[in-house]
Each structure stands twice: as structure tokens, then as C-alpha cells.
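Okay, so here's the structure we're looking at.
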Amino acid sequence: MSGMIVVMITGGIGSGKSTLRRMLCEKGAVSIDLDAIARTLMDSEPAMVAALADEFGPQILDEEGCVIRSELARAAFASEAATRAMNKITFPYIMEEATEYILNVHCTPRTNAPVLVVEVPLLTEAPQLAELADEIIAVEVPPLVRLARCVERGMDPQDAAKRIARQPGDDERAALATAVCNNAGSEEELRAWVDAWWAAKVTR
């Protein structure tokens, strides 16, 4: 292998995307998380915050004008139209940040890591970002398993079910992917999948 491999991980909420990303990083990858970028932008991008408040109402902001993420989630996942509206506002900002980072890593490498991992929950809606990937891993998990995982980590069951229903299905993600990871089992099984993928793609 020569050069850094750009790997994008996509999957629904509760699928284990972050666990997969962490395991790849433990093997030597570096990563960026688009959810983390979105959280940062909500604290630092006034135009995006203003657009969200215009769309969903001032109740999503605290006294200092910062986004209350739980309130935004409640409003944005109330309907499919609301989810689309949120994505339409936030995606351009998030994609710009992510694209700039990926291109900068390629043009002026800041690390000797063999793999750059990008966690992209809604990659099916960001084809321009997918074009920058060398490998796309779709993480597949049955909806009921994902729901149970979300509830286990403290989410309201109804909120979790709404989010799952609003997201693309596994078939849509698999159609975009170069590799599919079935993560319905244990962490040990996921680690074995990661080891096999790394051996085939990185150390070959």
C-alpha cells in the first residue's frame, strides 16, 4: 500500500459506526467525525445557527444563543420534512469543513497514518463527499437491534425510533459501499472484521 487511504464509514444511528472508527484508529488510522464537526459549527457558525432558529424556532437556542441539541433533535426528527430541512441547512457547512480537511491531508500530509477514517452518518445524501473516498464501509444492523442499543445508551425509545425511521435503509447505504460490515453481533466479532479488513486493504 502506498499513500493514505480515505475510508468513509456510514450507517444508521445505533449501528456502531463510532466503535468501528475507534477500532480502526487503534490499528493506526486517524479520523474525523462529521457529528463532531456539526457540534463545533453549532457553537461557531452564526449563519447556520440563525438559519436553524428561523426554521425550528427560538426554543432551540439557550440564553446565550447557542443551539440546545436535544431541542433541535426533537424538532428536526418530528417529521421527514423537518429532517430534510435541517439537513439542507447544515450539510453545506459540514461538507465544506470535511472536504477542506480531506483535501488538506492529501496535499500537505500531517501524519504518517496509513488510513484517514471519516464517519459520515448520511453519506447517501452527500455524493460529493463520497467521491473523495477510496473505500466506503456501510455498517449494517437490523433496526430493532439499533433501537435497543439507542435505548441502552439513554435515548428515549420514541425519539430513537423516529430517528431510525427518518434515516436511509441499509440497502441504500450498501449500494454506495465498497465493503459491508454486519455489526449485529458482539464487539469481538466486529474486531475480527476490522482485523480482516485491515489485513486485506492496508497491510497487503
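Number 91 in this note's numbering belongs to position 103 of the sequence shown; there are no gaps in the numbering. Cβ atoms here follow ideal geometry from the backbone N, Cα and C, with glycine treated the same way.
- A Cβ-Cβ contact shorter than 8 Å links I20 with Y89.
- The straight-line gap separating the alpha-carbon atoms of R161 and D147 is approximately 22 Å.
- The criterion of a C-beta distance shorter than 8 Å is satisfied by V106 and L22.
- Rounded to whole angstroms, the gap between the alpha carbons of Q155 and M(-8) is 30 Å.
- Shown here, E123 sits in a strand according to DSSP, grouped into three states.
- Annotation for C13: no beta strand (DSSP E) segment contains it, though the alpha helix (DSSP H) segment containing it runs K5 to E14.
- At a cut-off of 3 residues, the continuous stretches assigned as beta strand (DSSP E) that sit fully inside the segment 41 to 129 are 103 to 107 and 123 to 128.
- Taking all protein chains shown into account, R72 has fewer than 16 neighbouring C-beta atoms within 10 Å of its C-beta and is therefore exposed.
- Under the DSSP assignment, M(-4) falls outside any alpha helix (DSSP H), being part of the beta strand (DSSP E) whose first and last residues are I(-7) to G(-1).
- In terms of Cβ geometry, G16 and V127 do not form a close pair [threshold 8 Å].
- DSSP places V190 in the coil class of the three-state scheme, outside both helix and strand.
- A distance of 8 Å or more separates the beta carbons of E123 and T78.
- For D23, the enclosing alpha helix (DSSP H) stretches over residues L22 to S32.
- Excluding the 5 residues flanking it on each side, I56 has same chain C-beta neighbours closer than 7 Å at I48, L49 and D50, in chain order.
- Within 10 angstroms of the beta-carbon of N171 lie 16 or more other beta-carbons, which makes it buried.
- The criterion of a C-beta distance shorter than 8 Å is not satisfied by K150 and F44.
- The alpha carbon of R62 has as its nearest neighbour, out of E52, G53 and M74, the alpha carbon of M74.
- Nearest in C-alpha terms to R179, of all of P102, L12 and V(-6), is L12.
- Under DSSP, S19 shares a beta bridge with V105.
- Taking the CA atoms as reference points, L117 sits about 20 Å from C169.
- The C-beta distance from L104 to V(-5) rounds to 7 Å, short enough to fall under 8 Å.
- Linking P109 to A24 through their CA atoms gives a straight-line distance of about 12 Å.
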